[in-house]
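Asker: The structure follows.
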Amino acid sequence: MSSLDHDLELKLRLRRILFCQGYWSPIEVELSHYEPHARGVNRLPLTDLDVLGIRFDQLFVQHRIVGDCKSGKTVSDIGRVFWLKGVKEYFGADLGYYIRPQIDMHARAIAPRLGLRTLNEGELSALEKTIRVDSLQIPLADSSAYKSTEELWGIRVPEGEKPSPEQLKLKAVYSYLSYRYWSTEFHRNLLGIVDLYQGIADLLKPLDPKHILLAFVGAERFAHCLLDIATSAEELGAADIPKYVRLYLFGGALGLREREQFFELLHRATGLKESLDPAYLPELLELISRMIKHPEGACDVLRHLTAAYIHCAFLGNSTFPIIGTGGTNTAAIVLAKDVCFTFAKVTGISRSLFSAMEPL
Numbered sequence: 240m241s242s243l244d245h246d247l248e249l250k251l252r253l254r255r256i257l258f259c260q261g262y263w264s265p266i267e268v269e270l271s272h273y274e275p276h277a278r279g280v281n282r283l284p285l286t287d288l289d290v291l292g293i294r295f296d297q298l299f300v301q302h303r304i305v306g307d308c309k310s311g312k313t314v315s316d317i318g319r320v321f322w323l324k325g326v327k328e329y330f331g332a333d334l335g336y337y338i339r340p341q342i343d344m345h346a347r348a349i350a351p352r353l354g355l356r357t358l359n360e361g362e363l364s365a366l367e368k369t370i371r372v373d374s375l376q377i378p379l380a381d382s383s384a385y386k387s388t389e390e391l392w393g394i395r396v397p398e399g400e401k402p403s404p405e406q407l408k409l410k411a412v413y414s415y416l417s418y419r420y421w422s423t424e425f426h427r428n429l430l431g432i433v434d435l436y437q438g439i440a441d442l443l444k445p446l447d448p449k450h451i452l453l454a455f456v457g458a459e460r461f462a463h464c465l466l467d468i469a470t471s472a473e474e475l476g477a478a479d480i481p482k483y484v485r486l487y488l489f490g491g492a493l494g495l496r497e498r499e500q501f502f503e504l505l506h507r508a509t510g511l512k513e514s515l516d517p518a519y520l521p522e523l524l525e526l527i528s529r530m531i532k533h534p535e536g537a538c539d540v541l542r543h544l545t546a547a548y549i550h551c552a553f554l555g556n557s558t559f560p561i562i563g564t565g566g567t568n569t570a571a572i573v574l575a576k577d578v579c580f581t582f583a584k585v586t587g588i589s590r591s592l593f594s595a596m597e598p599l
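Structure follows, in C-alpha cells:
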C-alpha cells in the first residue's frame with residue numbers, strides 16, 4: 240500500500256471515529272487565500288486539513304476537532320504537531336489528533352501542551368474497538384466507497400477541449416464548496432451558496448449521480464450555515480429570531496445599517512423599491528425556528544444528512560441506518576428532510592434530487 244493510500248485509510252478511520260462520537264466529519268478540507276486579479280480573483284492554496292470534526296450540542300454550542308494523519312517514513316512528527324497546533328487555532332478547535340503508525344517520543348511528550356492527542360496504529364485500533372466503530376451501518380471508512388463518490392465530484396473536460404458555459408457554472412459551485420466555503424467570512428456562506436445553486440438549478444438532473452451528490456453536499460452546507468445562525472441567535476437570547484437572522488446575514492448591526500442606507504439611496508435615485516432581504520427569508524426563518532425548538536434533532540442533522548446520502552442515495556437503501564447508540568433520532572431525520580426540501584425550494588433545484596429522502 241502506498242503512503243497516500245495509507246494516509247487515506249487513516250483519515251477515513253478517524254472520520255469514522257469522530258462520526259461515531261457525534262461529529263459531522265468532512266475530510267481533506269483545503270484552505271485558500273484569494274487575491275484580486277484582472278479577470279476576477281486568483282485562488283492561492285495555503286494548506287489542507289485531513290479531518291475536521293464539527294458537532295453542535297443541544298445548546299447550539301459548536302465543538303470542533305481537527306486531525307492530521309500521516310504514514311510516510313520521512314515525516315517529522317514534531318513539525319506536524321506544531322503545524323496542527325496552528326490549524327487547530329485557525330478553526331477554533333477544542334482538540335487535535337495526530338495519527339501515525341509510529342510516533343516519536345518527543346512529539347508525544349509535547350503534544351498535550353499544544354492541546355493535541357497522538358495515536359499510533361495500536362492505539363488507533365484500541366480506540367476503534369472501545370467505541371465499537373464496526374457497529375456503524377454506513378461504510379465511512381471504506382476507501383473504495385469513498386473513491387467512488389470522489390469520482391462523482393467535479394467536472395470532467397476531455398484533454399484539448401475547453402469547458403462549456405454550463406460546465407463553467409458547475410465548476411464555480413464545486414470550487415466554492417471545496418475551497419472558498421472554508422476560507423470566507425462564514426456569515427457570507429449561506430447567501431453565497433443559495434445564489435450559486437440558483438444559477439445552476441436548470442442544469443441539475445435528478446437521475447444524474449453527480450448532480451445528486453452535488454445537491455446533498457449543498458444541503459449539508461446549507462444546514463451547517465443554518466446551525467451557525469441558530470448558534471448566533473442563541474448567543475443573543477433567541478427572543479427575536481427574525482432580527483438576529485438579519486443581523487447575521489448582513490454581518491452585524493453596522494453591516495445591516497450600511498445595507499439599509501444603500502437601499503434608501505437607491506430608492507431616492509431611481510424610485511425603485513428593492514427589498515434588502517432575500518425573497519426566501521421566510522423559509523429560512525421557519526426552518527431555523529424549527530431547529531431551535533427541536534435541539535435534539537438539530538444537533539444531529541448534519542450526520543443524518545451524511546448518512547442519508549451514503550446509505551440511501553448512494554447505496555440505494557430505502558430505510559435509514561442506525562448511526563448512534565441511542566437508537567433512531569426521529570427529530571433529526573425529519574429536520575434532515577426539511578433541510579433538503581427547503582434547500583430545493585429556495586434554490587429552485589429539483590426536489591427529485593432528494594428522492595432518496597421521501598420514504599424516510
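Under my numbering, think of the first position of the sequence shown as 240, with each following residue one higher.
A virtual CB, placed ideally from N, CA and C, is assigned to each residue, including glycine.
Taking the alpha-carbon positions, what's the Leu-599 to Arg-496 distance?
Answerer: Mapped onto the sequence shown, residue 599 falls at position 360. Mapped onto the sequence shown, residue 496 falls at position 257. Approximately 43 Å, taken between the alpha carbons.
Asker: Kindly identify the DSSP beta-bridge partner or partners of Phe-295.
Answerer: Position 56 of the sequence shown, counted from the first residue, corresponds to residue 295. Its beta-bridge partners are Gln-301.
Asker: According to DSSP, what are the bridge partners of Leu-253?
Answerer: For the purposes of this step, residue 253 is taken as the residue at position 14 of the sequence shown. Answer is none; Leu-253 lacks a bridge partner.
Asker: Under the rule that 16 or more other beta-carbon atoms within 10 Å means buried, what is Leu-280, buried or exposed?
Answerer: Stepping through the sequence shown from its first residue, residue 280 is reached at position 41. Residue identity check: residue 280 is Val in the sequence provided, not Leu. Counting Cβ neighbours within 10 Å, Val-280 comes out exposed, since fewer than 16 surround it.
Asker: Go to Ile-349, then tell me how far its beta strand (DSSP E) extends in each direction, as first and last residue.
Answerer: Position 110 of the sequence shown, counting from 1, holds the residue named residue 349. Going by DSSP, Ile-349 is part of no beta strand (DSSP E) but of the alpha helix (DSSP H) stretching over 344 to 349.
Asker: Residues in its own chain within less than 7 Å of Asp-333 by CB, not counting five upstream and five downstream?
Answerer: Working through the sequence shown from its first residue, we reach residue 333 at position 94. For Asp-333, where only same-chain residues beyond five positions count, the Cβ hits under 7 Å are His-302, Arg-303 and Ile-304.
Asker: Rank Ile-561, Phe-580 and His-533 by C-alpha distance to the C-alpha of Ala-570 and give the top, closest one.
Answerer: Indexing the sequence shown from 1 puts residue 570 at position 331. Measuring from the Cα of Ala-570, the nearest candidate turns out to be His-533.
Asker: Please report the distance separating the alpha-carbon of Ile-377 from that of His-506.
Answerer: Residue numbering aside, residue 377 sits at position 138 when the sequence shown is read from its first letter. Residue numbering aside, residue 506 sits at position 267 when the sequence shown is read from its first letter. Between Ile-377 and His-506, the C-alpha separation is close to 54 Å.
Asker: Measure the beta-carbon distance from Val-268 to Leu-298 and round it to whole angstroms, keeping in mind my assumption that it falls under 8 Å.
Answerer: Residue mapping note: residue 268 aligns to position 29 of the sequence shown, counting from 1. Residue mapping note: residue 298 aligns to position 59 of the sequence shown, counting from 1. The beta carbons of Val-268 and Leu-298 sit about 25 Å from each other, so the pair does not count as a contact at 8 Å.
Asker: According to DSSP, simplified to helix, strand and coil, what is Arg-371?
Answerer: Your numbering for residue 371 matches position 132 in the sequence shown. Residue state, collapsed to three classes: coil.
Asker: Buried or exposed, going by whether 16 or more other CB atoms sit within 10 Å of the CB of Phe-501?
Answerer: Position 262 of the sequence shown, counted from the start, is the residue given in the question as residue 501. With fewer than 16 Cβ atoms within 10 Å of its Cβ, Phe-501 is classed as exposed.
Asker: Cα-Cα, which of Glu-274, His-463 and His-245 is closest to Leu-300?
Answerer: Working through the sequence shown from its first residue, we reach residue 300 at position 61. The sequence given here has Val at residue 300, not Leu. The option with the nearest alpha carbon to Val-300 is His-463.
Asker: Assign Met-240 to one of three DSSP states: helix, strand, or coil.
Answerer: Numbered from 1 along the sequence shown, position 1 holds the residue referred to as residue 240. Note that Met-240 has pLDDT 45, beneath the 50 cutoff, so the model's placement of it is unreliable and the number below is only indicative. Met-240: coil per DSSP, three-state reduction.
Asker: Name the two residues that bound the continuous beta strand (DSSP E) containing Thr-357.
Answerer: For the purposes of this step, residue 357 is taken as the residue at position 118 of the sequence shown. Counted as a single uninterrupted DSSP element, the beta strand (DSSP E) harbouring Thr-357 occupies residues 355 to 358.
Asker: Quick check on Gly-536: buried or exposed, where buried means 16 or more other Cβ atoms within 10 Å of its Cβ?
Answerer: Locating residue 536 in the sequence shown gives position 297, counting from the first residue. That one is buried.
Asker: Can you tell me which of Glu-597, Ser-414 and Phe-455 puts its alpha carbon nearest to the alpha carbon of Ile-394?
Answerer: The sequence position of residue 394 within the sequence shown is 155, counting from 1. Measuring from the Cα of Ile-394, the nearest candidate turns out to be Ser-414.
Asker: List the endpoints of the continuous beta strand (DSSP E) containing Ile-338.
Answerer: Indexing the sequence shown from 1 puts residue 338 at position 99. Taken as a continuous stretch (DSSP letters only), the beta strand (DSSP E) holding Ile-338 covers 334 to 338.
Asker: Applying the 10 Å Cβ sphere with the 16-neighbour rule, what's the burial state of Met-240?
Answerer: For the purposes of this step, residue 240 is taken as residue 1 along the sequence shown, with counting starting at 1. The predicted position of Met-240 is uncertain, since its pLDDT is 45 and thus under 50; no value can be drawn from it.
Asker: Taking all protein chains shown into account, do 16 or more other C-beta atoms lie within 10 angstroms of the C-beta of Trp-392, making it buried, or fewer, making it exposed?
Answerer: Here residue 392 is taken as the residue at index 153 of the sequence shown, counted from 1. Exposed is the call here.
Asker: Would you mind reading off the limits of the alpha helix (DSSP H) that contains Met-530?
Answerer: In the sequence shown, counting from the first residue as 1, residue 530 sits at position 291. Unbroken alpha helix (DSSP H) run through Met-530: 520 to 532.
Asker: Tell me the residue span of the alpha helix (DSSP H) that contains Thr-470.
Answerer: Taking the sequence shown and counting its residues from 1, the one referred to as residue 470 is at position 231. Looking at the DSSP string, the run of the alpha helix (DSSP H) that includes Thr-470 is 448 to 474.
Asker: Counting along the chain, where does the alpha helix (DSSP H) carrying Tyr-262 start and finish?
Answerer: Here residue 262 refers to the residue found at position 23 when the sequence shown is read from its first residue. It is not in any alpha helix (DSSP H) - Tyr-262 carries neither H nor E in the DSSP assignment.
Asker: Are Ser-383 and Glu-248 closer than 7 Å when you measure CB to CB?
Answerer: Numbered from 1 along the sequence shown, position 144 holds the residue referred to as residue 383. Numbered from 1 along the sequence shown, position 9 holds the residue referred to as residue 248. Contact: no.
Asker: Counting only the same chain and skipping the five closest in sequence on each side, list residues whose C-beta sits under 6 Å from that of Leu-475.
Answerer: For the purposes of this step, residue 475 is taken as the residue at position 236 of the sequence shown. Taken in chain order, the residues that qualify are Tyr-483.
Asker: Any contact between the segment 583 to 591 and the segment 440 to 452? By contact I mean 3 or more CB pairs, one from each, below 8 Å.
Answerer: Segment contact: the segment 583 to 591 against the segment 440 to 452, three or more CB-CB distances shorter than 8 Å; contact assigned.
Asker: From His-272 to Pro-284, what does the alpha carbon distance come to, in whole angstroms?
Answerer: Sequence index remark: in the sequence shown, residue 272 carries index 33 (1-based). Sequence index remark: in the sequence shown, residue 284 carries index 45 (1-based). Within the model, the alpha-carbon separation for His-272 versus Pro-284 is close to 6 Å.
Asker: So, are the CB atoms of Phe-258 and Leu-379 less than 7 Å apart?
Answerer: Here residue 258 is taken as the residue at index 19 of the sequence shown, counted from 1. Here residue 379 is taken as the residue at index 140 of the sequence shown, counted from 1. Taking 7 Å as the Cβ cut-off, Phe-258 and Leu-379 qualify as a contacting pair.
Asker: I'd like to know if Arg-485 contacts chain B, where contact means its C-beta is closer than 7 Å to some C-beta of that chain.
Answerer: Absent from the structure: chain B. Only one protein chain is present.
Asker: Between the C-alpha atoms of Gln-437 and Val-412, what's the straight-line distance to the nearest angstrom?
Answerer: If you number the sequence shown from 1, residue 437 lands on position 198. If you number the sequence shown from 1, residue 412 lands on position 173. Gln-437 and Val-412: Cα-Cα distance of roughly 10 Å.
Asker: Please classify Val-396 as buried or exposed, where buried requires at least 16 other C-beta atoms within 10 Å of its C-beta.
Answerer: Along the sequence shown, one-based indexing puts residue 396 at 157. The residue in question, Val-396, is exposed, as its Cβ has fewer than 16 Cβ neighbours within 10 Å.
Asker: Straight-line CA distance for Ile-370 to Glu-360?
Answerer: Taking the sequence shown and counting its residues from 1, one reaches residue 370 at position 131. Taking the sequence shown and counting its residues from 1, one reaches residue 360 at position 121. Spanning the two alpha carbons is a distance of roughly 16 Å.
Asker: Using only CA atoms, which one of Leu-574, Leu-453, Thr-545 and Thr-509 lies nearest to Thr-586?
Answerer: If you number the sequence shown from 1, residue 586 lands on position 347. Closest option to Thr-586, Cα to Cα, is Leu-453.
Asker: In this structure, does DSSP put Thr-586 in helix, strand or coil?
Answerer: Taking the first residue of the sequence shown as position 1, residue 586 is located at position 347. If DSSP states are grouped into helix, strand and coil, Thr-586 belongs with the helices.
Asker: By Cβ distance, which residues of its chain are closer than 7 Å to Ala-595, with the 5 residues on each side in sequence left out?
Answerer: Counting from one through the sequence shown, the residue named residue 595 turns up at place 356. Result list for Ala-595: Ala-547, Cys-551 and Ala-552, in chain order.
Asker: Are there 16 or more other CB atoms within 10 angstroms of the CB of Gly-491, so buried, or fewer, so exposed?
Answerer: Position 252 of the sequence shown, counted from the start, is the residue given in the question as residue 491. Under this definition Gly-491 is an exposed residue.
Asker: Skipping 5 residues on each side, what residues in its chain have a beta carbon closer than 8 Å to that of Tyr-329?
Answerer: Looking up residue 329 in the sequence shown gives position 90. Excluding sequence neighbours, Tyr-329 sits near Leu-270.
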